[in-house]
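Asker:
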Amino acid sequence: MSNDELNALQRGYHKREELEEFGVLPPEEIVKQKRVALIECVEEIPCNPCAVVCRVDAIQKEDLCALGTVDWDKCTGCTLCVAVCPGLCIYLQSIKDGKGYVTMPYELLPAPKVGMKVQLMDRSGAVVGEGNIVMPTYQAKGDAYPRWVVTVEMNDPALSYEVRAIKIVEEK
Ligand code: SF4
Ligand code: SF4
985 MSNDELNALQ RGYHKREELE EFGVLPPEEI VKQKRVALIE CVEEIPCNPC
1035 AVVCRVDAIQ KEDLCALGTV DWDKCTGCTL CVAVCPGLCI YLQSIKDGKG
1085 YVTMPYELLP APKVGMKVQL MDRSGAVVGE GNIVMPTYQA KGDAYPRWVV
1135 TVEMNDPALS YEVRAIKIVE EK
């Protein structure tokens, strides 16, 4: 069976066109104004820490198993939902001064530091470009795994709609 014939659950991720159809991706006019969260959850499972942790009630879920949606007017870009999501499926996205920015969870080594060069990967794991770690990274506490919240900068702002993982290629 080809990748195109699989559904999101079988594939492990949503394709961009599916996310656009569901209204998951924030439009350019919003990400050019501020950094906002988006949820690329695949499974409808009983889970809600994202909605509980959000201090401004920006994440809505119709019921415990429903997929969450983000109210971008309310979202402050605080990153708490990225740090807490056990599914590693919440990201923040923004475009500023012609550059793209994506904030994501990161649980691998080496530990990320500001200034490190990274390979940028899309939802399927394909390398789509290079970028730098730019924003303060912090380690989420209280989980079984060390989890950092990492923001990467990319020269092509359109890539912020594709990049959902990184590989550190230059250590500091
Ligand atoms: S980034 Fe902060 S404000 Fe925005 S949805 Fe996540 S927890 Fe809420
Ligand atoms: S915390 Fe993550 S996995 Fe759980 S409902 Fe929210 S987005 Fe989905």
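To convert, count from 1 in the sequence shown and add 984; that's my numbering. For each residue, glycine too, the CB sits at the ideal point set by N, CA and C. These figures come from a predicted structure and were not determined experimentally.
(1) For the alpha helix (DSSP H) containing leucine 1003, list its first residue and its last residue.
(2) Assuming glutamate 1136 and valine 1153 make a contact with CB atoms under 8 Å, what is their CB distance in whole Å?
(3) Would you mind reading off the limits of the beta strand (DSSP E) that contains valine 1036?
(4) Identify every residue that forms a DSSP beta bridge with glycine 1082.
(5) Spatial neighbours of lysine 1101 within its chain, please: CB distance less than 7 Å, with the 5 preceding and 5 following residues excluded, ordered by chain position.
(6) Closer than 7 Å by C-beta to cysteine 1065: which residues in its own chain qualify, once you throw out the five before and the five after it? Chain order, please.
(7) Just mark glutamate 1024 as buried or exposed, buried being the case when its beta carbon has 16 or more other beta carbons within 10 Å.
(8) Bridge partners for threonine 1053 per DSSP, in chain order?
(9) Given this structure, state the Cα-to-Cα distance separating leucine 1009 from aspartate 1055, to the nearest angstrom.
(10) Going by C-alpha distance, which of Gly1084, Val1015 and Thr1063 is nearest tryptophan 1132?
(11) Mark cysteine 1049 as exposed unless 16 or more other C-beta atoms lie within 10 angstroms of its C-beta, in which case mark it buried.
(12) Apart from the five residues on each side of it in sequence, which residues of its chain come closer than 8 Å, Cβ to Cβ, to arginine 1000?
Answerer: Walking through what the data contain:
(1) 1000-1006
(2) Going by the sequence as given, residue 1136 is valine instead of glutamate. Wrong, their Cβ atoms sit about 12 Å apart, outside the cutoff.
(3) Unbroken run through valine 1036 is the alpha helix (DSSP H), 1033-1037; no beta strand (DSSP E).
(4) Partner(s): none; glycine 1082 has no beta bridge.
(5) Glu1114, Asn1116, Val1153 and Glu1154
(6) Ala1021, Cys1034, Val1037, Cys1038, Ile1043 and Ile1074
(7) buried
(8) Gln1044
(9) 12 Å
(10) Thr1063
(11) exposed
(12) Leu1009, Arg1107, Tyr1145 and Glu1146
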